[in-house]
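Student:
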Amino acid sequence: MDNRQNVTPALIFAIAVATIGSFQFGYNTGVINAPETIIKEFINKTLTDKANAPPSEVLLTNLWSLSVAIFSIGGMIGSFSVGLFVNRFGRRNSMLIVNLLAATGGCLMGLCKIAESVEMLILGRLVIGLFCGLCTGFVPMYIGEISPTALR
Numbered sequence: 001m002d003n004r005q006n007v008t009p010a011l012i013f014a015i016a017v018a019t020i021g022s023f024q025f026g027y028n029t030g031v032i033n034a035p036e037t038i039i040k041e042f043i044n045k046t047l048t049d050k051a052n053a054p055p056s057e058v059l060l061t062n063l064w065s066l067s068v069a070i071f072s073i074g075g076m077i078g079s080f081s082v083g084l085f086v087n088r089f090g091r092r093n094s095m096l097i098v099n100l101l102a103a104t105g106g107c108l109m110g111l112c113k114i115a116e117s118v119e120m121l122i123l124g125r126l127v128i129g130l131f132c133g134l135c136t137g138f139v140p141m142y143i144g145e146i147s148p149t150a151l152r
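The sequence shown lines up with residues 1 to 152 when you count with UniProt numbering.
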């Protein structure tokens, strides 16, 4: 039997939609580097306004480093949690549920300037890291589950 007969438009669509969420991983890995100066200025201004004194260069560098690194920590925690989600909700439902993490993380990062909160930026990076870690486990399992045996 020709394997191409098993590839349906519905299968292609399901795989395409499942993999789109994985682009968040690459985007959020690289997006933090370009606006480094702007984010450091935001951290500096926010902390200066709160404490009525500028933060030390060491504190500024440490908060910037934490903002960058917390994404990977969230990813690690998320990847370790894949089994818990899949066993509880199933592959498809887990992928749908964790999209709430992506929206939450994006909102936290997007609204941190309005709220004048460095903590929201860091928490948003952690949450989006959790999402990315979970997606790196869910997507391959889901694609393997929905693909016909002859195509695996």
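The beta-carbon is built from N, C-alpha and C at its ideal position, and this holds for glycine as well. Here the structure is a predicted model, which means the values were calculated and not measured.
My guess is that leucine 134 and serine 72 are in contact by the Cβ rule of under 8 Å, so how many angstroms apart are they, rounded?
Tutor: Residue 134 sits at position 134 when you count from the first residue of the sequence shown. Residue 72 sits at position 72 when you count from the first residue of the sequence shown. Not a contact, Cβ separation roughly 14 Å.
Student: Could you give the distance in angstroms between the alpha-carbon of leucine 111 and the alpha-carbon of alanine 103?
Tutor: In the sequence shown, the residue the question calls residue 111 occupies position 111. In the sequence shown, the residue the question calls residue 103 occupies position 103. Rounded to whole angstroms, leucine 111 to alanine 103 spans 12 Å at the Cα level.
Student: Cβ atoms of phenylalanine 138 and serine 94: under 7 Å apart, would you say?
Tutor: Within the sequence shown, numbered from 1, the residue matching residue 94 stands at position 94. Within the sequence shown, numbered from 1, the residue matching residue 138 stands at position 138. Yes, the Cβ-Cβ distance between serine 94 and phenylalanine 138 is below 7 Å.
Student: In the DSSP assignment, the alpha helix (DSSP H) including isoleucine 143 goes from what residue to what residue?
Tutor: Against the sequence shown, residue 143 aligns to sequence position 143. Residues 118-146.
Student: Below 8 Å on the Cβ atoms is my guess for leucine 101 versus leucine 123; work out the distance and round it to an integer in Å.
Tutor: Reading the sequence shown from its first residue, position 101 is the one you call residue 101. Reading the sequence shown from its first residue, position 123 is the one you call residue 123. The pair is not a contact, with the Cβ atoms about 12 Å apart (cut-off 8 Å).
Student: Give the C-beta separation of valine 118 and leucine 59 to the nearest angstrom, bearing in mind that I take them to be a contact with Cβ-Cβ under 8 Å.
Tutor: In the sequence shown, residue 118 corresponds to position 118, counting from 1. In the sequence shown, residue 59 corresponds to position 59, counting from 1. Contact flag wrong, Cβ pair sits at about 10 Å.
Student: From what residue to what residue does the alpha helix (DSSP H) around serine 94 run?
Tutor: If you number the sequence shown from 1, residue 94 lands on position 94. 91-115 is the extent of the alpha helix (DSSP H) around serine 94.
Student: Between the beta-carbon of isoleucine 15 and the beta-carbon of isoleucine 143, is there less than 7 Å?
Tutor: Numbered from 1 along the sequence shown, position 15 holds the residue referred to as residue 15. Numbered from 1 along the sequence shown, position 143 holds the residue referred to as residue 143. Result yes, Cβ atoms of isoleucine 15 and isoleucine 143 sit closer than 7 Å.
Student: With DSSP as the reference, label glycine 75 as helix, strand or coil.
Tutor: The sequence position of residue 75 within the sequence shown is 75, counting from 1. Residue state, collapsed to three classes: helix.
Student: Identify which residue in Gly30, Trp64, Val31 has its Cα closest to the Cα of phenylalanine 42.
Tutor: Taking the first residue of the sequence shown as position 1, residue 42 is located at position 42. Phenylalanine 42 has its Cα closest to that of Trp64, out of Gly30, Trp64, Val31.
Student: Report the residue ranges of all alpha helix (DSSP H) runs contained in full by the segment 33-69; include only those spanning at least 4 residues, in chain order.
Tutor: 36-51
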